[in-house]
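S.K.: Okay, here's the structure, questions in a sec.
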Amino acid sequence: MVRLAIVMIVFMFGASGSAHADLQGQYETFLENTIWPKARSAGVSRATFDRAMGQKRLNTDIPGLVRPGQSTPQRIRQAEFSAPARYFNENNVGAIVAQGRRLAAQHASMLAALERRYGVPGRIILAIWGRESAFGRVDIPHDAFQVLGTKAFMSTRPELFQGELVAALAMVERGMATPDQMKSSWAGALGQPQFLPTSYLEHAVDVDGDRRPNIWTSVPDTLGSIAAYLNHFGWQPGRDWGYEVTVPAEISCSFEGPDQGLKIRDWEAMGIARISGRPFPDAERDREGYLLMPAGRSGPAFIVTPNFYVLKQYNESDLYALFVGHAADRIEWGTGRFKASWGRVDALYRSEIAAMQRVLEGKGYDVGGADGLPGFKTRRSIGDWQKRNGQAPTCFPSKALVGAIR
Numbered sequence: 001m002v003r004l005a006i007v008m009i010v011f012m013f014g015a016s017g018s019a020h021a022d023l024q025g026q027y028e029t030f031l032e033n034t035i036w037p038k039a040r041s042a043g044v045s046r047a048t049f050d051r052a053m054g055q056k057r058l059n060t061d062i063p064g065l066v067r068p069g070q071s072t073p074q075r076i077r078q079a080e081f082s083a084p085a086r087y088f089n090e091n092n093v094g095a096i097v098a099q100g101r102r103l104a105a106q107h108a109s110m111l112a113a114l115e116r117r118y119g120v121p122g123r124i125i126l127a128i129w130g131r132e133s134a135f136g137r138v139d140i141p142h143d144a145f146q147v148l149g150t151k152a153f154m155s156t157r158p159e160l161f162q163g164e165l166v167a168a169l170a171m172v173e174r175g176m177a178t179p180d181q182m183k184s185s186w187a188g189a190l191g192q193p194q195f196l197p198t199s200y201l202e203h204a205v206d207v208d209g210d211r212r213p214n215i216w217t218s219v220p221d222t223l224g225s226i227a228a229y230l231n232h233f234g235w236q237p238g239r240d241w242g243y244e245v246t247v248p249a250e251i252s253c254s255f256e257g258p259d260q261g262l263k264i265r266d267w268e269a270m271g272i273a274r275i276s277g278r279p280f281p282d283a284e285r286d287r288e289g290y291l292l293m294p295a296g297r298s299g300p301a302f303i304v305t306p307n308f309y310v311l312k313q314y315n316e317s318d319l320y321a322l323f324v325g326h327a328a329d330r331i332e333w334g335t336g337r338f339k340a341s342w343g344r345v346d347a348l349y350r351s352e353i354a355a356m357q358r359v360l361e362g363k364g365y366d367v368g369g370a371d372g373l374p375g376f377k378t379r380r381s382i383g384d385w386q387k388r389n390g391q392a393p394t395c396f397p398s399k400a401l402v403g404a405i406r
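Sequence positions in the sequence shown follow the working numbering and run 1 to 406.
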């Protein structure tokens, strides 16, 4: 029996090693046959390609990968999709706010100049800087070429990361960085503002005058690049990002979304009010706003402006944009936490949510794609299904709903 167990262990480890070697072989073929022709067409030399890609090793520890034959990762690895309350942990928010207020005073003249140039308030720039890299203090240790190469081969969005890998190679080819300087997050994002390589090429700016956008060690270039990015995507000067509100029970959470906007005075007429008790600013009342309920009926609600969706161009998560806006307000005005609390939500696998989304799609709902992430289209589709099936709309996935929506 002992000999049999040893044989089985050796067999399993041998099989595992063989499978990894086979995957590695497929990866090397992919780099040579798919990525190298794209890089060559983008003006990347063979010497740069070989120097940057090194030994071309896969890193299968990267979160969110899909192996051949899979469609979605099983687990949700990011708090903004699984535990909203944890995403707004006061230790995290408070630390960014405290440091942001100190840096607002230190860089006041620079931030004012950037606001005049790009229209983006300094508080917003600081909040993004703090959220992305703790104001440049977070260690970003990963080899960008290994991360981007792996994700180009086996992520849920391979075409996106193929383009990012080629852009990273182009950065090295143009002398913007050396391969050793190209350190990234697990997502392949670079430097203090955490730009993907295409964002660096399109939006990074030189503010300190050395003729090279340096988002790794230059504070002026980092802050200017964040402002330029938001300006490019349509930040509206003079408008805020949004307001925490109360939503009467008779107003369905399925009214959520940037494609269901109303004038803010019309939301007021429906009974939605700022939770602070203050009126909406007069300058906003005739402008369009949108209902945002990122945890459905299990968390705070907001009326947001188009600037909220500009923040989402930086990161597609509703909670990310909300974190930035909230931290920015506290940096500027010293406001406190949200008045409403985040309720408990069920921990679900992305595969479970994706399966539910596919069922809803089969029933004619637009869930925004069966990606396993509960975005606003999924949330309001859940609410509409609940209402049609005699349930009080909660507009957020749960274990019970995964079982019920068949």
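Every residue gets a Cβ at the ideal spot worked out from N, C-alpha and C, and that includes glycine.
Between the C-alpha atoms of leucine 262 and alanine 283, what's the straight-line distance to the nearest angstrom?
M.R.: Cα to Cα, leucine 262 sits roughly 15 angstroms from alanine 283.
S.K.: Classify lysine 151: buried if its beta carbon has 16 or more other beta carbons within 10 angstroms, exposed otherwise.
M.R.: Answer is buried; the Cβ neighbour count reaches 16.
S.K.: On the DSSP letters alone, give me the boundaries of the beta strand (DSSP E) that phenylalanine 49 sits inside.
M.R.: Run containing phenylalanine 49: none in the beta strand (DSSP E); it sits in the alpha helix (DSSP H), 46-53.
S.K.: What does the Cβ neighbour count give for glutamate 80, buried or exposed, with the cut at 16 atoms within 10 Å?
M.R.: The pLDDT assigned to glutamate 80 is 44, lower than 50, so where the model puts this residue is not dependable; a value taken from the coordinates is nonetheless given after this. Its Cβ being crowded by 16 or more others within 10 Å, glutamate 80 is buried.
S.K.: Tell whether a beta-carbon distance below 7 angstroms holds between glycine 372 and arginine 344.
M.R.: The answer is no: Cβ separation not under 7 angstroms.
S.K.: Does the contact criterion of 3 or more C-beta pairs under 8 angstroms hold for the region 229-241 versus the region 111-130?
M.R.: Result yes; three or more Cβ-Cβ pairs closer than 8 angstroms.
S.K.: Quick one: is glutamine 146 buried, meaning 16 or more other Cβ sit within 10 Å of its Cβ, or exposed?
M.R.: By the 10 Å Cβ count, glutamine 146 comes out buried.
S.K.: In the DSSP assignment, find the unbroken alpha helix (DSSP H) run with threonine 150 in it and report its ends.
M.R.: Taken as a continuous stretch (DSSP letters only), the alpha helix (DSSP H) holding threonine 150 covers 144-154.
S.K.: So, is tryptophan 267 buried or exposed, given that buried needs 16 or more other C-beta atoms within 10 angstroms?
M.R.: Burial call: buried.
S.K.: For alanine 113, I'd like the list of residues in its chain whose CB is within less than 6 angstroms of its CB, leaving aside the five on either flank, ordered along the chain.
M.R.: Nothing meets the Cβ criterion.
S.K.: Could you check whether the region 175-187 touches the region 32-47, counting it as contact only if at least three pairs of C-beta atoms, one from each stretch, sit closer than 8 angstroms?
M.R.: No, the region 175-187 does not touch the region 32-47.
S.K.: In terms of residues, what are the limits of the beta strand (DSSP E) holding leucine 292?
M.R.: Start and end: 288-292.
S.K.: Grouping DSSP H, G and I as helix and E and B as strand, with all else coil, what is tyrosine 243?
M.R.: Residue state, collapsed to three classes: strand.
S.K.: In three-state terms, what does DSSP make of serine 185?
M.R.: Serine 185: coil per DSSP, three-state reduction.
S.K.: Just to check my reading of the structure: glycine 325 and tryptophan 216 have Cβ atoms closer than 8 angstroms, yes? What is that Cβ distance to the nearest angstrom?
M.R.: With 8 angstroms as the limit, glycine 325 and tryptophan 216 do not qualify as a contact, their Cβ atoms being about 27 angstroms apart.
S.K.: For the pair the region 161-170 and the region 123-139, tell me if three or more CB-CB distances fall below 8 angstroms.
M.R.: Flag = no, the region 161-170 and the region 123-139 do not touch.
S.K.: For aspartate 329, which option in Asn33, Val93, Asp206 has the closest C-alpha, if you only look at C-alpha atoms?
M.R.: If we check each option's Cα against that of aspartate 329, Val93 comes out closest.
S.K.: Examine the Cβ distances between the region 286-303 and the region 51-69 and report whether three or more of them are shorter than 8 angstroms.
M.R.: Judged by Cβ distances under 8 angstroms, the region 286-303 makes no contact with the region 51-69, as fewer than three pairs qualify.
S.K.: Kindly indicate which three-state DSSP category isoleucine 303 falls into: helix, strand or coil?
M.R.: In the structure shown, isoleucine 303 sits in a strand (DSSP, three-state: E or B).
S.K.: Taking the alpha-carbon of alanine 144 as reference, which of Val219, Glu202, Arg57 has the nearest alpha-carbon?
M.R.: It is Arg57 whose Cα lies nearest to the Cα of alanine 144.
S.K.: Are there 16 or more other CB atoms within 10 angstroms of the CB of serine 184, so buried, or fewer, so exposed?
M.R.: Answer is buried; the Cβ neighbour count reaches 16.
S.K.: Thinking C-beta only, is valine 247 closer than 7 angstroms to glycine 224?
M.R.: No, they are not a contact pair.
S.K.: So what's lysine 477 in DSSP terms, helix, strand or just coil?
M.R.: Nothing in the structure corresponds to residue 477, since the chain is present only between 1 and 406.
S.K.: Would you call the region 189-201 and the region 83-91 in contact, with 3 or more CB pairs under 8 angstroms?
M.R.: No: the two stretches stay apart, fewer than three of their Cβ pairs being nearer than 8 angstroms.
S.K.: Within 10 angstroms of the Cβ of alanine 354, are there 16 or more other Cβ atoms? Answer buried if so, exposed if not.
M.R.: Buried is the call here.
S.K.: Between the alpha carbons of tyrosine 320 and arginine 131, how many angstroms are there, rounded?
M.R.: Using only the alpha carbons, I get a separation of about 9 angstroms.
S.K.: Quick check on the DSSP output: the alpha helix (DSSP H) that includes leucine 58 runs from which residue to which?
M.R.: Leucine 58 -> no alpha helix (DSSP H), and no H or E assigned at all.
S.K.: Residue range of the alpha helix (DSSP H) that methionine 110 falls in?
M.R.: Taken as a continuous stretch (DSSP letters only), the alpha helix (DSSP H) holding methionine 110 covers 108-118.
S.K.: Which of the three DSSP states, helix, strand or coil, is assigned to alanine 321?
M.R.: Alanine 321: helix per DSSP, three-state reduction.
S.K.: Please list, in chain order, all residues of the same chain as glutamine 78 whose beta carbon is under 7 angstroms from its beta carbon, the five residues on each side excluded.
M.R.: Because glutamine 78 sits at a pLDDT of 44, beneath the cut-off of 50, its placement in the model cannot be relied upon, and the following sentence gives the value as read from the coordinates. Hits under 7 angstroms: none found.
S.K.: Nearest to glutamate 332 by CA position, among Trp36, Arg67, Arg123, Glu90, is which residue?
M.R.: It is Arg123 whose Cα lies nearest to the Cα of glutamate 332.
S.K.: Can you tell me whether proline 393 is buried or exposed? The criterion is at least 16 other CB atoms within 10 Å of its CB, across all chains shown.
M.R.: Result: buried.
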